[in-house]
Amino acid sequence: MLRPPTRTKPVRIAFQRPVSVTQRILLGTAAWVMFLGLWQYAATADLAPQRLFPPPTQVIATLETLFLEQGFHADVLASLRRVGISFLVAFAFALPLGVLMGAFPVVAAFFNPLVSPFRYLPAPAFIPLLLMWLGAGDTQKIALLFLGVVWFLVTLIADHVRSVRMELIETALTLGASTRQVLIGVVFRASLPGLVDITRQMLAVSWTYLIIAEIVATTDGIGAMIMRARRFVRVDEVMAGIVMIGILGLLLDLLFRFLHWALFPYARQRSRKL
Amino acid sequence: MSAEFGELHVESVSKRYSGNRRNAPPRLALDSVSFDLSRGGVGVLLGPSGCGKSTLLRMVAGLETISEGRITVSGREVTGPGRDRGMVFQTYTSFPWLTVEENVAYGLRINSSATGRHGGVVDYFLERIGLAPFRKAYPDELSGGMRQRVAIARALANQPDILLMDEPFGALDPETRWQMQELVLGIVHKERMTVLMVTHDIEEAIFMGDRIAFFSHGPGRVRELIEPTFGGDERRLDKAALKAIPDYGVMESRILQMMREEGAAARAQTA
Numbered sequence: 078m079l080r081p082p083t084r085t086k087p088v089r090i091a092f093q094r095p096v097s098v099t100q101r102i103l104l105g106t107a108a109w110v111m112f113l114g115l116w117q118y119a120a121t122a123d124l125a126p127q128r129l130f131p132p133p134t135q136v137i138a139t140l141e142t143l144f145l146e147q148g149f150h151a152d153v154l155a156s157l158r159r160v161g162i163s164f165l166v167a168f169a170f171a172l173p174l175g176v177l178m179g180a181f182p183v184v185a186a187f188f189n190p191l192v193s194p195f196r197y198l199p200a201p202a203f204i205p206l207l208l209m210w211l212g213a214g215d216t217q218k219i220a221l222l223f224l225g226v227v228w229f230l231v232t233l234i235a236d237h238v239r240s241v242r243m244e245l246i247e248t249a250l251t252l253g254a255s256t257r258q259v260l261i262g263v264v265f266r267a268s269l270p271g272l273v274d275i276t277r278q279m280l281a282v283s284w285t286y287l288i289i290a291e292i293v294a295t296t297d298g299i300g301a302m303i304m305r306a307r308r309f310v311r312v313d314e315v316m317a318g319i320v321m322i323g324i325l326g327l328l329l330d331l332l333f334r335f336l337h338w339a340l341f342p343y344a345r346q347r348s349r350k351l
Numbered sequence: 002m003s004a005e006f007g008e009l010h011v012e013s014v015s016k017r018y019s020g021n022r023r024n025a026p027p028r029l030a031l032d033s034v035s036f037d038l039s040r041g042g043v044g045v046l047l048g049p050s051g052c053g054k055s056t057l058l059r060m061v062a063g064l065e066t067i068s069e070g071r072i073t074v075s076g077r078e079v080t081g082p083g084r085d086r087g088m089v090f091q092t093y094t095s096f097p098w099l100t101v102e103e104n105v106a107y108g109l110r111i112n113s114s115a116t117g118r119h120g121g122v123v124d125y126f127l128e129r130i131g132l133a134p135f136r137k138a139y140p141d142e143l144s145g146g147m148r149q150r151v152a153i154a155r156a157l158a159n160q161p162d163i164l165l166m167d168e169p170f171g172a173l174d175p176e177t178r179w180q181m182q183e184l185v186l187g188i189v190h191k192e193r194m195t196v197l198m199v200t201h202d203i204e205e206a207i208f209m210g211d212r213i214a215f216f217s218h219g220p221g222r223v224r225e226l227i228e229p230t231f232g233g234d235e236r237r238l239d240k241a242a243l244k245a246i247p248d249y250g251v252m253e254s255r256i257l258q259m260m261r262e263e264g265a266a267a268r269a270q271t272a
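Chains as they are written, first to last, in our numbering: chain A, 78 to 351; chain B, 2 to 272.
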C-alpha cells in the first residue's frame, strides 16, 4: 500500500492563530491562481465577446506591445512625474504645519477648524476651478493631485506627532534640551518612522487620483492612454493600463516598506531579547 | 543666600489646580510642604497614591508650576526644567532610535558643541551600570531593568546637581528591583549625589532613604519626617541584613500603620 508523501500541516482556522511564512505564500499564490484562472475561463468560454472581455494572457501580451512598440514608458514616466512632484509639494506644505499642530495644541486650535472641513471636499470637484485658473496643462493636474492628499497629510502627521510620549519630551527637557532641540531632536525624530508609513499610505491615495487628473485634456500619462484606448474600444489596452497602475502602486508600496526597514533598524520586529 | 552644591530646599510649597473644567473643581493638591536635603543625601517621598508626592517631585524638576512657596537647588530657584535636575521616570524613557551608548551620551551631546570629548564620562557610567557590553544595542533589545539602568546612567552622565526619580523601579520584578536599589545607592554614595525619589514601597524607602517624608492625603502635607538611622551602613548591605535588624520591623510596621490610617481617611473623604 502506498502512502502519500509527507504533507504540509493542514491550515486550521482559529481566531488570531498565526500563519507560517510557507502557508502565507501558498495561500497568497492560491488566491491569485484562482482569480486569474476564473478570469481566463470566463473570457475564453464565450460568455461575452472577447473584444469586450479579453483574457489575462491577452492583457499581458498587450502590455508588452504597448511598451515595445508604442512607447508606453513615456506615459508611465509622465504619470510618475506628476505623482512625484505633487506629493513632494504636498508633503513640504503638510510637514511643518502637521508637526507644529501635533506638538503645540495652541497651533492645532488655530488651524484645525480650517483644515478639517477641507478634508471632506472631494478634490475632483475642484477640476472646473483649476481648469479656469491654471489652464489644461500639467500645473492643473499637479494641483489636483496636491489637493487630493494635502489635507489628509496634515491631519495624519499632526495626529502622529501628537502621539509622541510626553515622558520622552520631559526627559529631554530635564536633560537640558531647548524647545528647538526637543522639537527636532525628540518630537520630529520620534515621529520619523510613522512619517514614512504615512507617506506610503498617502502615495496610494495620490495614485488613485491620477486617472481622474489625466482624464481631462491630457495627451500623455497612463490615464490619457486609457482614455484614448476607450475611444477605439481597445478593452485590452484599458485593462493593461489598469494593471500597470496596480503594479506601480505595489512597487512604490514595497519601496517605502523597504525604506522603513532600512532607515529604522530599531523599529524592526525583534524576536530576540537580551 | 549661600548654598552648597547639591542642596535642596523646598520652602512652604503649595500646588493648586484651578479646575477650569466642569468635572474638575479647584483643588489643593499640596499644602505648604517643606523639605530639605544636603549634598549627598537621599530623600524619599512616601505616601498613599494621590497624596501629591509625584507632583512635588515634578515641581522640583520644573515640570509643574509652583502655586506658592519656592524651591531651590544649589541655591538657584527652580523656574523650569534644566540640566541641573536630572529625572528618571517610572515608564521607560530611552530614546528608541539611539543605541544604549548614544542614549547615555544624549545630555552631554545637546549641552556641548564639541562632540566626542565626553567619551570618558559615558564609558565610566556604562561600566558602572554594567551595560558596557551592550553599548551598541537598541533599547528595544533590552529587558526592563536594563532600560531603567540606561535612564539612570543617562541622567547621571549629564552631571546634575540632584537626581530625581519617580517610582523608578515600580515596573520591575522584585529581584531586579533589589539589585537596582543597591546599584543606585552604590553610585550615588560614590558620587556624593543628592537624590530625591518617590516610592510607595516601604521597604525601598527604608533601604534607600536618609530622610523619608511621609505624606498625608488630600491635601498633601508632610505628616512625618522619618530618618532611619539604625544599623548605620549595615542596613544597606543586603536585604537579609536589613530585615534582620529589629528596628527595621518596628519602623516598617509604624509606616504601614500610617499608610492604613491615610487609606481609611481617603475612603472617608470620598464616601
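A virtual CB, placed ideally from N, CA and C, is assigned to each residue, including glycine. Here the structure is a predicted model, which is why all the values come from computation and not from measurement.
If you look at H10 of chain B, you'll find it isn't in any alpha helix (DSSP H); it sits in the beta strand (DSSP E) that goes 9-18. Residue environment: K191 of chain B is assigned as exposed (fewer than 16 neighbouring CB atoms within 10 Å of its CB, all protein chains considered). Burial check for R86 of chain B: the Cβ neighbour count within 10 Å reaches 16 or more, so the residue is buried. Cβ neighbours of P270 of chain A within its own chain (closer than 7 Å, five residues either side excluded): H337, F341, A344. Listed by position along chain B, the residues whose Cβ is nearer than 9 Å to that of L250 of chain A are A62, G63, L64, G81, P82, G83, M88. Here A301 of chain A really is in contact with E291 of chain A; their C-beta atoms are around 5 Å apart, less than 8 Å. At a cut-off of 7 Å between C-beta atoms, T195 of chain B does not count as an interface residue with respect to chain A.
Between the C-alpha atoms of F168 of chain A and K218 of chain A there is a straight-line separation of about 17 Å. Against chain B, the beta carbon of R266 of chain A has neighbours under 7 Å at W98, listed in chain order. By the neighbour-count criterion, in which a residue is buried when 16 or more other Cβ atoms sit within 10 angstroms of its Cβ, W210 of chain A is exposed. Among the residues facing chain B, A186 of chain A is not included, as its CB has no counterpart in that chain under 7 Å away. Straight through space, the alpha carbons of V282 of chain A and G298 of chain A are spaced by roughly 17 Å. In the DSSP assignment, R110 of chain B falls outside any beta strand (DSSP E) and lies within the alpha helix (DSSP H) extending over 101-112.
Using beta-carbon distances, E247 of chain A counts as an interface residue toward chain B, with a partner under 7 Å. With distances taken between CA atoms, Q278 of chain A lies nearest to A:R334 out of A:M304, A:R334, A:A254, A:S156. With a threshold of 7 Å between beta carbons, G271 of chain A makes no contact with chain B. L47 of chain B is positioned such that its CB atom lies no closer than 7 Å to that of D167 of chain B. Cα atoms of G51 of chain B and A269 of chain B: separation of roughly 15 Å, rounded to the nearest angstrom.
Contact residues of the region 159-181 of chain A toward chain B are absent (C-beta to C-beta distance below 8 Å). According to the DSSP assignment, L243 of chain B belongs to the alpha helix (DSSP H) that extends over 240-245. For D141 of chain B, there is no enclosing beta strand (DSSP E), as DSSP marks it with neither H nor E.
Residues of the region 333-348 of chain A with a C-beta atom less than 8 Å from some C-beta of chain B are F341, P342, Y343, A344, R347, listed in chain order. Around the beta-carbon of R84 of chain B, 16 or more other beta-carbon atoms lie within 10 Å, marking it buried. Interface annotation, Y139 of chain B: in contact with chain A, CB-CB separation under 7 Å. The beta carbon of A138 of chain B lies closer than 6 Å to those of V101 in the same chain, with the five residues before and after it left out. Interface annotation, I203 of chain B: not in contact with chain A, CB-CB separation never under 7 Å. Membership of I303 of chain A in the alpha helix (DSSP H) is indicated by the continuous run 299-308.
Its chain contains F215, S217 as the residues whose beta carbon lies nearer than 6 Å to that of R224 of chain B, once the 5 sequence neighbours on both sides are disregarded; these appear in chain order.
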